[in-house]
Every structure is written in C-alpha cells, then in structure tokens.
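S.K.: From first to last, the protein sequence lines stand for chains A and B. For what it's worth, the numbering used here labels the leading residue of the first sequence as 1131, then goes sequentially. For what it's worth, the numbering used here labels the leading residue of the second sequence as 1131, then goes sequentially. One structure is given below, represented as structure tokens, and several questions about it will come after.
There are 2 protein chains.
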Amino acid sequence: MRVATDIEAGNGPSPRQEEVLDAVLDLLAEGIDALTMSAVAQRASCSKETLYKWFGDREGLLTATVRWQASKVRAGSYDAARLDASSLQGSLEAFAANWLKVISSRTSIALNRVAVSHAQSGRSNLGGIVLANGRFAIGERLKPLLEAAREARLIAFEDTETAFRTFFGLVGRDVQIRLLLGDKLRLSEAEVAGDARRATQQFLTLYGAGKAPATAGRMKINHRKET
Amino acid sequence: MRVATDIEAGNGPSPRQEEVLDAVLDLLAEGIDALTMSAVAQRASCSKETLYKWFGDREGLLTATVRWQASKVRAGSYDAARLDASSLQGSLEAFAANWLKVISSRTSIALNRVAVSHAQSGRSNLGGIVLANGRFAIGERLKPLLEAAREARLIAFEDTETAFRTFFGLVGRDVQIRLLLGDKLRLSEAEVAGDARRATQQFLTLYGAGKAPATAGRMKINHRKET
DNA sequence: GTAGTACCGTAACGTACGGTACGGCATTCG
DNA sequence: CGAATGCCGTACCGTACGTTACGGTACTAC
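Encoded structure:
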C-alpha cells in the first residue's frame, strides 16, 4: 500500500524536485528508448530511494512530470477586450502557432507517447492528465475568445465546442498522429507560422460573419507546396 | 541472428496463421493491458515456438498483425467517372465515415497504441507501417478523387496534399488523440454519419468552386450539441 | 559533541516477459 | 510398419526493470 508523498500533499515541487523533473524531461527529449527509474536517478544525481519517497512510484513521477511540463507551457491568456477582426485573427494565429509548436516539440511527443502507452491499462490516469493539460486546457483557454468574438459579431456559430474542435482539426490536421508514430516531420518556424495563418483563414472562412470572402484560405495561403 | 520466416518469404499468411493473427486482434480489442507472446499462444492455441518460427519475433508478429488488419479494412475504390457535385459529396462523406469508424474501433486504437509505444525506439518500423497502411494509404486513395473533382471543376485547389490534409483535419479533429489517450469517446453510427456530413460540408465550403454557399457547414449541420 | 534528518550511491530482490528447448502426439510419406 | 515432419503444451533461461534495503555522508538542532 502506498503512502502519501511530498507531491501529493498539494504543494508544488521544491526546487530540487523541479531539477529532478527537468532531468526526466531531458531524458524524454533525448529520445531515450525506455524511461527507467535508474536512468532518471542517474541523470538527476539522486538516489532511487529519494525518487520513490518523493513521487511514490513510477506513475507518480510521470504524473508530476506531465504537470511540470504543462506549467511551463501555459501561455498567457488573450485579451478579449477591444476585439476586432484584426486582433481576432492575430489571437487565433498565435494560439495555433503556439499549439503547433508545443505538439511538435520532442518533449511533448515523448510525453504523449508515454501517456498513450499507459492508457492501455486502466490502472493509470496519465492519459487523462495529458488530455486535461493539453487538448482540454487549450479548449478552455480558447473558448472565451471564440465566444467574445461571437458577441462582437465577428464570427457566428451555435456550439462553442464544435467550433473549437473544427479549429483544432484545421490546425493540427495529421501532425500529431504522424509525429507520435515516428514520422520524421520537421516544422520550421516559418511552416508553423504559415500553417497557423492557413488554419485561421480557413476557420474564419467557415465561421466568419458574412463579409469574409468565400474563397479565402483556399488560394494565396498555400503558395508553397508542402514537403 | 534471425532467420527468414514464412511470412517474410512474401507469401501471405496461411489460414492457420490468419487464425493466429485474428487471435492477436481479439486480444487487442479486448483491451488487454500488455500483449505478451504467451497470451497470444494461449489464445491462439498454438505454441510459442510456432509463433517464433512463423513470425520471427514479437515485432514480426505485430507487423504481420498490422498488415492483416489493414487488409481487412481496405475499402473499395471510389468511381471517379460520372462525377458531379452530388456524387462527390457522397464519396467524401463515405470516405470520412469509413475513416472515423476505423480510427474509433477498439482494434485500431489498440494497434495504434502499440505502434506509438514502439516508435520511441528507432529499432522498430511499426509506426511507419501503421502510417503507411493508415494515414498515407487513405491519402493515396482519396487524392485521385480530389483531383478528378478538380478536373471536373467541382472544387479548386493548388496542392492536392494540402487539400487532403485539410479534409483529414476536418474529419478527425481531436478524435484520434483523445481515444489514444484513453478518453471515453463513444461514436455512434449517427454521430459518425453526422461528423462525416459536417466535415464534407466544411471542406466543400473551403474548396468548392464558387457556387457553394458561404455559410454551409456552419449552421444546419450542428443542431445537436455534442457531448 | 551527539542525535536526528535528508539524501546519495549501490546492491539486492522479485517478477514479468521475450525467447529457447524438449517431450509428446498426430499426420504424412515411403 | 517405421521415419520424418509439424505443431502443441510446458518447462526453462536470461535479462530488464520496478521497487526496496542499506551503508555512508553532509548538515542542522540542541
């Protein structure tokens, strides 16, 4: 039977514990084959006993790592006041670009792979935590913007969730599954920006209130053939 | 050093071997925690020795399973002759519905999880095989339809790959990653059909040649709030 | 000083699982 | 009929890894 650990007591990780979690992230980002407790202890220059004392077990360590990574990635909220067509487009593009950058980072890929692996057996909630800090956190941060834009008559939709999911699909497309399955897919800064622009244009074409040109997002944006 | 196996000789699996592969699919669909060779042997009523003789190693068994599953899922090609707006819409919807049904099946989820797990270490090509038989196979089957539709002036785009990826994103949205991460997401027959319709409408709004109404896919389709 | 605490390094334990070996049975071939 | 082949069931081996235990060291409290 497991006993309460430091982390579970509700306090955030101590500086030393953050170092350990960063070591885990480092190992993951390096594309290590399998993340073992021994490897973590060695990299973090701590004893395995300490790992188990602090995090309970392997699952606890991974959970803490996911939360730690999420706390680093969270971007600032977007200002919903003074919303016009231009600032809406900018905010959406920023959201899209940030999201693409996150999901294509080595760390996120590795973390998602671990979570997917553990989702098989129901005795772990890692997948749920990754979802809560990833897909759903993004949704909760974007939805206020979408609804403010609707309030301002910039876009029109009935269901916020559906509108968000459409945006999500237009931004991510096949990127995440390809990366998770090991496809070598390099997203340069410029490609991320371009994809964010294209997705935003397409989204505004679909949901824009009336005055958006019907063909926007089809031409002009994709002048460059993708590789 | 590994020696050539039956399967690698280029022949398809024998009936008995197909039984074994079906046993693997059964186990995966049952949501077993970890797929072990012993469990496969037991379920298939064969010896582990036979497994290794036929498939070489665990990787070979999984690879054969992926191919076997892909061979069952492959749907018929779509008739590109006599293409009009209505038949294009029907074909796209059929594609979308079929794809959604596949990726939300327990078997596909489990297989993708295994492939994602193995993608971490480069010494396995499972991820590549899943991609080739999934995402890329779909692309190669859909692209001729898209290009025929462009030829018929029904839709307009510059780059086929980009158009396909947009369609892919509109159809799949967040479904696959949520399922892989363990989200309980039940797609009923009706929801699959509805999503296929919505995605197709949105795609035609973005790429339709001129006459598509600018607001299609925004209203009318999503009368039901998603759960 | 001495006791207590926190931690590091490392060794050890238990188990799970990939892979192999072997005995037995059923079928086929000569 | 005997020999060979193919395959099942099972026992076995080696290793990797999660987890625990223990000795040693620095630092704090009193």
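We put the beta carbon where it would ideally sit given N, CA and C, even for glycine. Quick caveat, the model's predicted, so the values are computed rather than measured.
(1) Grab the span of the alpha helix (DSSP H) containing D1156(B) for me, first residue to last.
(2) Return helix, strand or coil for G1338(B), following the three-state DSSP convention.
(3) Mapping the DSSP letters down to three states, classify I1239(A) as helix, strand or coil.
(4) Measure the CB-CB distance between A1194(B) and F1185(B) and report whether it falls below 8 Å.
(5) How big is the Cα-Cα spacing for L1304(B) and R1265(B)?
(6) To be precise: take each residue of the stretch 1249-1275 of chain A, compare its Cβ to all Cβ atoms of chain B, and keep it if any distance is under 7 Å. Which residues remain?
(7) Which value, in whole angstroms, describes the spacing of the CA atoms of L1261(A) and V1246(B)?
(8) Is I1307(A) helix, strand or coil by DSSP?
(9) Going by Cα to Cα distance, which pick from E1148(A), A1320(A), L1311(A), R1328(A) is closest to R1236(A)?
(10) What does a CB cutoff of less than 7 Å around G1403(A) pick up in its chain, not counting 5 residues either side in sequence?
(11) Run down chain B in chain order and give the residues with a C-beta less than 7 Å from the C-beta of A1245(A).
(12) Just checking, does the stretch 1321-1330 of chain A make contact with the stretch 1317-1324 of chain B on the three C-beta pairs under 8 Å criterion?
(13) With 8 Å as the threshold, decide whether the Cβ of R1303(B) is near any Cβ in chain A.
(14) Counting only C-beta atoms, is Q1306(A) closer than 8 Å to chain B at any point?
(15) Pick helix, strand or coil for I1162(A), following the three-state DSSP scheme.
(16) Which chain B residues are close to R1295(A), counting only those with a beta carbon under 7 Å from its beta carbon?
(17) At a CB-CB cut-off below 8 Å, which residues of chain B make contact with Q1332(A)?
(18) Between the Cα of R1212(A) and the Cα atoms of A1279(A), A1267(A), S1318(A), which residue gives the shortest distance?
(19) Buried or exposed: where does G1142(A) fall if 16 or more other Cβ atoms within 10 Å of its Cβ makes it buried?
M.R.: The relevant details are as follows:
(1) 1145-1159
(2) strand
(3) helix
(4) yes
(5) Residue 1304(B) is actually Asp in this sequence, not Leu. Taking the straight line joining both Cα atoms gives about 15 Å.
(6) A1249, Q1250, S1251, G1257, G1258, V1260, L1261, R1265
(7) 16 Å
(8) helix
(9) L1311(A)
(10) Coverage of chain A is limited to positions 1131 through 1357, which leaves residue 1403(A) absent and any answer about it impossible.
(11) L1311
(12) no
(13) yes
(14) yes
(15) coil
(16) R1303, D1304
(17) T1296, L1336
(18) A1279(A)
(19) exposed
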